[in-house]
Amino acid sequence: MIAIEQQHQSAQIERRYSPEEAGEILKLAASLQDDSFSVEQLRGIAREAGVSDEQLHRAIEHYEQQKCRLLERRRERSRRLKIFLLVGMPLIIAVGMCFPLFRTSEQVSTNAYPAAGVPFPSAGEHEFSSVEGESQLLASSETCKVYKFRVMDNYTPYEQARIHNLRSNESFVVGHLFKKLTFASISPTGKHVAFYDEATGEVWVAVTDGSGLQRVARSSEIIGDDVLIGGNPIAGWSPVGGRDRLKARTLGGDTILVFVEE
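This note's numbering applies: residue 8 is where the sequence shown begins, and numbers increase by one.
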């Protein structure tokens, strides 16, 4: 009776572990690292399928190599995701914030201040008490002073900048509506002022005689092979030969030129 039962079990094993089935079991055990199969059981199944210990060892080595390559691909995907989160997300957020403001600011700025800078009337023609009372000094040098003041458009608050040129004793309102003006830097020559809008991340440069204004950079912006930092990127002025040049900080810790006087 016992012999018949052993023969029946052997027949079940043979049917279960045919060469084809044994090969599939080995593949599954290797790829899934199934702990229900011991090393000796795997060797037994391998022998049953006509696979030598040497071939089994090579198969395991091949699996380990595939596993290493898979881990390396996962690390690469993780590294790319981190770079995207570090660089791409702030850029997308900044663009999303700037887009609805751009059309409104462009329309209001064009209607209110068609030129780059609008000169203030002389003191004899206009009283500045209301403006001066709400103005805040942003920057000052021997050549000019820079103020900011609040304005409203359709119940939306904005900020504008006024440059007082001490050489000509004239004042100009910069022709742009800022959302949150937090920083201004006057060039050593006194010919330009750089502004940073914290709400939009934009960097603007204005000529102190009111003749020009342009956006030159934005935080987290990709410029060539460099990426600007997420906060205020302005790193200062670096005039050469009497021509103003504005530098900005990058994520790599370097500085690059974002404005060069023509």
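All C-beta atoms in this analysis are idealised placements derived from N, C-alpha and C, irrespective of residue type, glycine included.
In the DSSP assignment, GLU166 falls within the unbroken beta strand (DSSP E) covering 163-172. For the set PHE202, VAL94 and THR207, the Cα lying nearest the Cα of THR257 is the one of VAL94. Judged by their CB atoms, LEU253 and ALA201 are nearer to each other than the 9 Å cut-off. When only Cα atoms are considered, TRP211 and SER175 end up about 22 Å apart. By the C-beta criterion, the stretch 227-237 is judged to be in contact with the stretch 81-97, since at least 3 inter-stretch pairs fall below 8 Å.
Our two residues, SER148 and LEU77, have alpha carbons roughly 60 Å apart in a direct line.
Residue VAL223 holds the alpha-carbon nearest to the alpha-carbon of ILE241 among VAL247, VAL223 and GLY249. Under DSSP, the beta-bridge partners assigned to LYS254 are GLY243 and LEU264. By the Cβ neighbour-count rule, ASP204 is buried, with 16 or more other Cβ atoms within 10 Å of its own. At a Cβ-Cβ threshold of 9 Å, SER192 and ARG169 do not count as neighbours. Residue range 136-141 is occupied by the alpha helix (DSSP H) that includes GLU141. Burial state of LYS89 is exposed, judged by a 10 Å Cβ sphere holding fewer than 16 other Cβ atoms.
9 Å or more divides the Cβ of VAL181 from the Cβ of LYS198. LEU173 has its alpha-carbon roughly 5 Å from the corresponding atom of THR150.
In terms of Cα proximity to LEU264, the closest of LEU235, GLY249 and VAL158 is LEU235.
For the pair ILE52 and ASP232, the Cα-to-Cα distance works out to about 56 Å. With respect to the C-alpha of THR196, the residue from PRO246, ALA101 and GLN167 having the closest C-alpha is PRO246. With contacts defined by Cβ atoms closer than 9 Å, THR189 and ALA101 do not form a contacting pair.
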